[in-house]
Amino acid sequence: MGSPVPLSRRRWLALSAGTLAAATAARFHPLGDTDAHAASGPLQDPGTDGRLVRSVCEVCFWKCGIQAHVQEGRITKIQGNPLHPLSNGKLCPRGTGGAGLAHDPDRLVRPLMRVGERGSDQFKPVSWDEALGHIASKLDDLKKKYGSESLAIFNHGAGASWFVHLFKAFGTKNFGAPSYAQCRGPRDTAFDLTYGAEPGSPEVLDIANTRCLVLLGSHLGENMHNTQVQDFARMVARHADLIVVDPRFSTAASKARTWLPIRPGTDTALLLAWMHVIVHEGRYNRDYVEKYTSGIDKLKEHLTKFTPEWAAAETGLDAAVIRDTARRLAGAAPAAIVHPGRHTTWYGADDTHRERAIAILNALLGSWGSRGGFFIPASPKLAPYPTPAYPEARAAADRLPGEAPFALEPLSQGIRRATIDGKPYPIKAWFVYGSNLIQALPQREETIKAIQALDLLVVVDVLPVEIAGWADVVLPEASYLERYDDLLKLSWHRGGVALRQPVVAPPGEAKPGWWIARQLAHKMNLGQYFPWTDIEEYLKDRCARSNLDFEQLKRDGIILSPPKPTTLEDGLTLTIATESGKIELYSEKLEKAGFSPMPEFRRPPAPPPGYFRLLYGRTPAQTFGRTSNNRQLGELSHGDRVWVNAKAASDLGIHDGDRVVLVNQDGIQSAPLRVKATERIRSDCVFMPHGWGHTAKGLHYAVGKGADDSALIHRIEVDPVMGGTGMRVNFVTLRKEA
Amino acid sequence: MRRVMVIDTSRCVGCEACVIACKNENRVPEGKYRDWVTQEARGEFPNLSLEIRSERCNHCSDAHCITNCPTGSSWYNDDGTVQIDRSKCTGCKACIASCPYGARYVHPDGFVDKCSLCVHRLDRGQPTACEEVCPTGAIVTGDADDPGSEVARLIRRGSLHVVHPEAATRPNVYYIR
Amino acid sequence: MQPHVELDSTRAPLLETGHLFWGWEIPVYLFLGGLVAGLMITVSAVILRYGKERVTSAMRLGLLAAPVLLSLGMGALFLDLTLKLHVFRFYLTFRPAAPMSLGSWVLILVYPVQALLVLALPWHAFASRLPAHALLDRVRSLAERLVRPLAWAGLLGGIALGVYTGVLLSTTVANPLWSSSSLGFLFLVSGSSTGVAALMMAERDHDTQAMLARADVALIVAELAVIAAWIIGLATQGPLYREAVSVVLSGSYAPMFLGIVVFGGLLVPMVLEAMALRGKAMHSRLVPALVLAGGLLLRFVIVYAGQEVRFFSV
């Protein structure tokens, strides 16, 4: 027992303990801080709103209106322009991530001239003056020696318009956009032959109001064309009929009432059988066919042998299902769409036939010009800026006489061939704008051979993509977020004129295309074709001539034209732009040229044993190989895996996530990539996204990611009608890597 | 007021525009996600189905992250959403451990972050960033306690489901199949 | 048998590699905290059962080491925080529903209890080494008089310290491997066992060694039973929980769990200790060393394996 604490100390202790207790109690609720429902509290505002600039996207060709927020010279976020009818305030992931291009640290920022061997990627930075002076002088030499037609241009994108103008003034017709013969060519030619008009860019499909949509290979949703996906979603929400024909269970297939897992390469057979059912069972739109088409009797006879049973054997589908889907399609007419596709260079031999079948089938339904079908777009009135007429120029060198007679545009691979062998005349210079020909054209050893035969290769781009590494002169362009382009015409449910204007300043010495073209024009003594001093002067002038308020255009991003009817239901008078004035179910033009006047099916060869057919396609966050270096988009699912049927893979001892190398029929190997072993694809084909496997070292973010499908596309089948290069004709085998 | 989100998976195509719009709007750091897309494919060829869901913090009415937060950094806003007071966060990660949905992440600045349901926008009468950008119109936010709201209408229509209901946290993000 | 699901996610790469939210700091703290809890419980139990004279110098050393070990543990917790500047926020509020809040207060409240308990014990051994100080003498004599209440405080504080960590893990709810009401008890029993083992390492008195060994055997038996209850309880809850359990029973953590923790850290020491108690073997320092190693690795397994399977990962 210790001595008692003195009274004063005890009291002191008690007082201090008491004070402490009181202070503690005052600080806290008696039961502790259990009330989590605060009346108010700090809410985060990330503060990403900024100065708003309206413009037009160019991550893909669709050209949605955008509005970008800018803070201190940097883009914080990009949204859809609510006033623009292609975006309606919404945007796909690629446009949303557009700042990843503007602020890409790998951007081309100085004009470059080659110092090493061609293709060695060795350059020295030069001034604009020197670069453009060199080009002008070389082109002048080539004109004197070979004629101005020895210059060819490969272009992709709206910003090319200045160069197209310039080089038409120079005197060449060799404009080879790969988007024709490597992409939409078969359908454009087929629709042109049938309707005298093309499905358009963007495609004039009234999906929002359709009662039945058929997709053949189109993987909407993974193919993220903004407005089309908006309409598709509305259609799905309405529970309209959706029939998806695809060897792969795509996102679109997952929403379909019927998915037809068709044997690759046999779509034409299915289409012929559908037409057989619709015509022979009298389910076609008689009034429409009588009024607007010609050749129904010949078609009916031609279709006799293409029965569902016949098609079932070719396609691997069930004959009863073929009949049922045909009847459903006919029952929905005229608000029914058989989607024409866009990238339609598939098998070569019957691509135009397949697209002709699609065009004809739509005509049988009466969907062309109908609500819920193909609408006839309204276009704005836009006055040109007056410049002198172009000189006469020699016909393009892309084809020999009689070759691909129905091509609507020069064939890129044809220009390439003329570059190599000098027939029908030599091509000695290439001007490449925004098109990575190394990945865009199949058979890249041919592309390289052609490049080696050139006297001059100029590349205009925003990033050091593969083709830039082969150039003699590289010109850095301002990206779509950093420049004015020419006024953009919108042909849609309503016509409109949209403005692309700078959102932020371009990096380094990158310049807009209008400036480059104008500077070059003056050096080439073609200044009279660019009689204006700066771009705003040009744009204001065109606006004035077209009764458009330029300030309103700058503020709103778009000015819509007055509405007019676009469908028969709206009161449209439907005129067909073919020579006959009728939709040609039977094409005399084709017949005269020695082709089948009505669609035929050509069975493609089956994969050799142990091989899979190589199919390629889109993922939502990427636009071919253009976006692979975009660090914002790199945050999204890469999709850079190869889809292999789970059972087929496991038979080869391969499992989900394994690394494999694809080896094609000619022994070409891909970079390693990971396998997606899935139930969602047939066992006779594999699928990989297009645009990965970059080798250009300047693309620091993209290089080495995934594998390049275009390198495996070594074999092509050329469509004899219009020269399209069918590329789904390669087969691969899988080799497991460690 | 109970702010909820209703997402129509039949419309959603899994494009991930919602992911990147959110990243830009909310300055989400590289390699981290406030929202993301999950795809679930079921079945055997050719009888297959696919559900695509845009996911994020579910702003659960029974949020274990709030219960288990030792500093009161995680708290309920008066609209029912779960918010984070960065000034009180120590980065102890009890909340990350408590979230059945993996919705939270550690921000490089040290605090824990997650979807805020863009309340800074909702309070201004604007849609959330993901709702605004979505090209398929799959995402709808609103006040479930307001019988006239679109979300209340969708909830009344029924057939909604939530992610991992076995976690029993009463999530406020609903999905239509 | 669940139907086969093909799962794809934007964050797939993150889910594969970045799913750990708690690292080595947490099992290190759990071990040290549990050990200190065991020390407090053991010494307090000895005082209450046998009186303070029964406390040996090894036990007093353990009690002296307790605040040092606990500080190391709290240091590990501090390292785990990603916003260290805000650490004071733990102590501006008291949220009893949050085990981490409860625990952070227990952690600092046990310090004065430990200090006072040390002062309450007989000082003959090292009284001469400490400088004479008036206040210290006063506090010491107060503590000596309050030794029984202090021992109760030490016992209850030790129990709170030992239990709350298991409760913290189990109330996260989102981690199937931790979703067991057995977890609190497991940490308490395991912590007690490591506390006893630590004392056995320092103990020189033969009788005390035997007493501690008996206690340890009982604790290990209890621990094995709780582990069984934990595993079996989870395995009966459904496919998600079975998957979580499989990580420690047949998956990547099985060798460490079954081989080192259960076999080497529990079964072997239990047998050796029992044999020593029957005189069939010598009491050696190997046994408590195994118990300590097993205790540390048990916590590593629970913390890491628990983060492998979560609701959203299946």
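Chains as they are written, first to last, in the working numbering: chain A, 40 to 777; chain B, 585 to 761; chain C, 1185 to 1498.
We treat Cβ as the ideally placed atom computed from N, Cα and C, and that holds for glycine.
Since the model is a prediction, treat every value here as computed from it, not as a measurement.
Per-residue burial, residue i [other beta carbons within 10 Å of its own, 16 or more giving buried]
i       : result
A:D747  : buried
A:V760  : buried
A:A359  : exposed
C:H1188 : exposed
C:F1447 : exposed
A:K330  : exposed
Separation of residue j from residue i, as counted between CA atoms
i       : j       : result
A:L578  : A:L526  : 7 Å
B:S657  : B:R741  : 36 Å
C:S1190 : A:W298  : This sequence places Glu at residue 1190 of chain C; Ser is not what is there. Approximately 19 Å between the Cα atoms of the pair.
A:A750  : A:D511  : 23 Å
A:Q482  : A:M766  : 10 Å
C:A1489 : A:A479  : 48 Å
C:A1249 : C:L1301 : 12 Å
C:L1450 : C:D1389 : 24 Å
C:A1229 : C:L1461 : 21 Å
C:W1414 : C:S1364 : 6 Å
A:G566  : A:S200  : 16 Å
B:C596  : A:S585  : 40 Å
Within-7 Å CB hit, residue i to chain C
i      : result
B:F695 : yes
A:S94  : no
B:I668 : no
B:V603 : yes
B:C683 : yes
Sub-7 Å separation of residue i and residue j beta-carbons
i       : j       : result
A:L607  : A:I598  : no
C:T1194 : B:V612  : no
A:A175  : A:M563  : yes
B:C676  : C:L1352 : no
B:R618  : B:C699  : yes
A:V98   : A:T764  : no
A:T307  : A:R393  : yes
A:V725  : A:V768  : no
C:Q1491 : C:L1204 : yes
C:M1466 : C:I1404 : no
Short CB-CB distance (under 7 Å) between residue i and chain B
i       : result
C:F1205 : yes
A:R719  : yes
C:Y1425 : no
A:G71   : With a pLDDT of 40 at A:G71, under the threshold of 50, the modelled position of that residue is not reliable, and no figure is offered here.
A:V714  : no
A:V268  : yes
Residues that DSSP places opposite residue i in a beta bridge
i      : result
A:G535 : A:L529 and A:L599
A:V725 : A:L653
A:N684 : A:T717
A:R113 : A:Q110
A:L514 : A:V499
A:R93  : A:Q106
B:W659 : B:Q667
B:E639 : B:W620
B:Y759 : B:I591 and B:H745
B:G627 : B:L632
A:T297 : A:I282
Below-7 Å beta-carbon distance, residue i vs any chain A residue
i       : result
C:E1492 : no
C:T1201 : no
B:I760  : no
C:H1317 : no
Within chain E, partners of residue i - CB distance below 8 Å
i      : result
B:H648 : In the structure shown, chain E does not exist; the protein chains are A, B and C.
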